[in-house]
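Notes to accompany the following structure.
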Amino acid sequence: LSDLLGDDHDLAVLATVLESDGGLPVTLQRLIDQRRAELQRDAVSLGQRLYAERPTDFARRLRGVHRIWRSEAAARAGA
Numbered sequence: 421l422s423d424l425l426g427d428d429h430d431l432a433v434l435a436t437v438l439e440s441d442g443g444l445p446v447t448l449q450r451l452i453d454q455r456r457a458e459l460q461r462d463a464v465s466l467g468q469r470l471y472a473e474r475p476t477d478f479a480r481r482l483r484g485v486h487r488i489w490r491s492e493a494a495a496r497a498g499a
């Protein structure tokens with residue numbers, strides 16, 4: 421997710437810099453806009469999947485995983 425958002429930001433900055441340095445060709449602006457739209461769509465899709473779980477459910481799941489990890493670590497230490 422951070423890569424998608426970072427690439428989108430980089431393209432936004434690139435477009436701004438090129439525009440301030442004397443203009444941005446229309447074709448390049450279109451390409452940047454298209455790629456940014458793709459990146460944003462992918463970021464939203466991934467973000468929805470990453471954050472679909474309610475925080476309380478996520479915390480409960482992590483506690484369960486942590487309990488299992490501790491139990492397995494204790495078993496290995498005792499073996």
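Residue numbers for the sequence shown, in our numbering: 421 to 499.
All residues carry an ideal CB built from backbone N, CA and C; glycine is no exception.
Can you say whether L459 is buried or exposed, counting buried as having 16 or more other CB atoms within 10 angstroms of its CB?
-> Buried is the call here.
L424 and D453 closer than 7 Å at C-beta | Contact flag unset, no.
Nearest-angstrom Cβ-Cβ length linking L421 and G467, presumed shorter than 8 Å = Indeed they touch by this definition, with Cβ atoms about 6 Å apart.
Hey, how far is the Cα of T476 from the Cα of V485?
-> In a straight line, the C-alpha of T476 is about 14 Å away from that of V485.
Run of the alpha helix (DSSP H) containing R490, from where it starts to where it stops = Where R490 is concerned, the enclosing alpha helix (DSSP H) starts and stops at 475-498.
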